[in-house]
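Mind the numbering: the sequence shown is residues -20 to -1, 1 to 526 in mature numbering (1 follows the signal peptide of the UniProt record, and there is no 0), read in order. Below is one structure, written out as structure tokens; the observations come after it.
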Amino acid sequence: MRAMLWFPLLFLVYSGYSSAAGPPVTEESLSEVAASLKMYVDELPQMPRLHGYSISKGSVTPTKLTIGMYEKDWKFHRDLPPTKVFVYGTSKAAATFPGPAIEAIQGVPLSVTWLNFLPRRHFLPWDPTIPTAIPKRGGVPTVVHLHSGVNPPHSDGSALAWFTAGFKETGSAWSRATYTYPNVQHSGNLWYHDHALGMIPANLLAGLLGTYTIRDPVLDAKLNLPSGIEFDRQLVIADRSFTKDGSLYLNATGVDPSVHPQWHPEFFGDVITVNGKAWPYMKVQRRKYRLRILNAGNARYLGLSLSNGLPFTVVASDSSYLPQPVVTSRLLLAPSEITDVIVDFSKSKTREIELQNDAQFPFPAGELLAGVVEGCHEDEVHHPLRRDQQRLRPARAAVHQRADPAGSGDGDAEAGDDRAVECHKPHGGQPPAPYPSGFVQGHQGAGTFGAGGLQELHGEEEGRAEVQRQSPRRRRPRPRSGIREDVEECREDRTRKHDQRHRQVQPGGGDKPFPFDATAEPGYVYHCHILDHEGNGMIRPLKLVS
Ligand SMILES: *[C@@H]1O[C@H](CO)[C@@H](O)[C@H](O)[C@H]1NC(C)=O
Ligand SMILES: [Cu+2]
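What follows is the structure, given as structure tokens:
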């Protein structure tokens, strides 16, 4: 297995001099650092878990957390000097890369006060020439978005609701330090990350990200999936590049400086980190594990498989269970996607298994690293400590009954008012101005955001007429399954109709309204989740207006 490494092993011992004083950083020097890091010497850590609820007199009650953002040093690898990062934690000492794993309970609201303790200057380059959060008096602008969260607009982490350390400066949409997460949606896998306008590639690369799990103890128990801190694990995969002194690297020179001094369409790191360690290993027992895998890279897709051919049983994707489990030997994960899989290590015929990545980059047109695999982590299979008697119950039980499970368009129990959604485009300055005539149509009860169709319309008149024509009772095209935040880009030169159906994600289906006003200020945003694209302006306000 070890012959299949990415690079021949080079044992180079670097002294920790500063990159400012050293030779210029080149692609070769970054690859050399990556090649110098021996794989599988650090054990996969688990991030600290934060319970998003209290237990009082035997029942679960809401609670409040305070989480700060800190600059600190983080050890990504035994042989790499400490790396400066920006990370989340309940204190500087407790802060981790990625941040603490927040565990919420379905139906139990959680309040989080997010505090910025970051210094005056960012240690990574960022682009001031596009609509970007730029404080006048220094500091690093930040705001926290809970990805896939069904949250009130004021707690959604609008890109313009940013704030610097001590709230010394705040963006135009800032309204509060404490966010509330109702957790009314399905149990599932979410993640939180920074969302400050234009700062997203740099702030996430620096480490401002973490997992957020909504559990439904009754449902989860029924499914009989591997559970508990040892067997239900988060794997946060993020590619990064390191200079010889251990610093995170982000290129500040654009691909074509004659066009733009800084623009880089996509960041690809040379080192794969999992839970903040470069190529770690994980010791596993001969039994089933639940692995919740997040691709937290800026732009790298992951095509994951296990080196000994063990399959993955996919039980959930981003933020909800699948209708049926899907057995596959390969998982394709775009940036920010989460897959929730069961791996049965009792079926392993080998003692070591590499989690491999074969995705091209940029995806899908980039080069394939022929004959080469990247090990993300290695599972060393130990003899069983106890026999694994566990059997998965049919995952059908996992699915929340939806109002319209088949997506047939019949039985559209859309209590729903139609919602006109305006697309906005940035007009050079900030805040971004609305698209003059762009809009999408949707329904209240948003959660599943299935793009049924896309049709080009000409001019505002035709657009408005189309919205009117589409009554709430009308049959709509079958939405794609799965839940995504991404919507196709609105082009400023055309008016487009996105035929959207927002489906209720309340437990037990039904069409209960949100426990908040989804039309309130400052609205929401939609954006590309290749972070470098988002950072380059592919992010737009989205407001439910009626
Ligand atoms: C940074 O980007 C420039 C322009 O594309 C490129 O020439 C240079 O090699 C890059 N540096 C590194 C270290 O990747
Ligand atoms: Cu996100």
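Yeah, the Cβ is synthetic: ideal placement off N, Cα and C, and Gly gets one too.
Assigned with DSSP and collapsed to three states, ILE180 falls in helix. Straight through space, the alpha carbons of SER11 and PRO42 are spaced by roughly 47 Å.
Judged by their CB atoms, LEU284 and LEU313 are nearer to each other than the 8 Å cut-off.
With contacts defined as CB atoms closer than 8 Å, PRO206 and TYR269 qualify as a contacting pair. According to DSSP, residue pairing for TRP54 in a beta bridge involves THR63.
Excluding sequence positions up to five before and after HIS102, its CB lies within less than 7 Å of the CB of VAL120 and ALA182, all in the same chain and listed in chain order. Under the three-state reduction of DSSP output, GLU8 falls in the helix class.
Taking one beta carbon from each stretch, the stretch 317 to 334 and the stretch 221 to 231 have fewer than 3 pairs nearer than 8 Å; the two do not touch. The continuous stretches of beta strand (DSSP E) do not include LYS202, which lies in the alpha helix (DSSP H) extending over residues 197 to 203. Secondary structure of LYS44 (DSSP, three-state): strand.
A distance below 6 Å between beta-carbons, with the five flanking residues on each side excluded, links LYS55 to the following residues of its chain, in chain order: PRO62. A distance of 8 Å or more separates the beta carbons of ASN204 and ALA84.
For SER285, the three-state secondary structure derived from DSSP is strand.
Short of 6 Å from the beta carbon of TRP106, and not among the five residues preceding or following it, lie these beta carbons of its own chain, in chain order: MET179 and ALA182. Exclusion of the five residues before and after ALA81 leaves MET27, ARG29, THR191 and GLN214 as the residues of its chain whose Cβ lies within less than 6 Å of its Cβ. When PRO315, LYS148, LEU104 and ARG266 are compared, the shortest CA-CA separation from ARG331 is found for ARG266. In this structure, ligand 1 has a non-hydrogen atom nearer than 7 Å to the beta-carbon of ASN231. In this structure, LEU104 sits away from ALA258, with a CB-CB distance that is not shorter than 8 Å.
LEU313: member of the beta strand (DSSP E) spanning 311 to 313, first to last residue. When the beta-carbon positions are compared, LEU177 and PRO111 come within less than 8 Å of each other. A distance criterion of 7 Å places the beta-carbon of HIS127 in contact range of ligand 2, judged by its closest non-hydrogen atom. Using a C-beta cut-off of 8 Å, the stretch 69 to 77 makes no contact with the stretch 140 to 155, since fewer than three inter-stretch Cβ pairs fall below that distance. TYR172 places its beta carbon 8 Å or farther from that of LEU90. For ligand 2, no non-hydrogen atom lies closer than 7 Å to the CB of SER299. Here the C-alpha atom of ILE252 lies approximately 4 Å from the C-alpha atom of ASP219.
Within the same chain, HIS240, PRO241, GLN242, TRP243 and HIS244 come within 8 Å of GLY234 by CB-CB distance, once the 5 residues on both sides are set aside. For VAL239, the shortest separation between its Cβ and any heavy atom of ligand 1 does not lie below 7 Å.
Here HIS175 has VAL123, HIS125, GLY137 and ALA139 as same chain residues with Cβ atoms under 6 Å from its own Cβ, once five neighbours each way along the sequence are excluded. Here ASP250 really is in contact with ALA14; their C-beta atoms are around 4 Å apart, less than 8 Å. In this structure, VAL235 has its CB closer than 7 Å to one or more heavy atoms of ligand 1.
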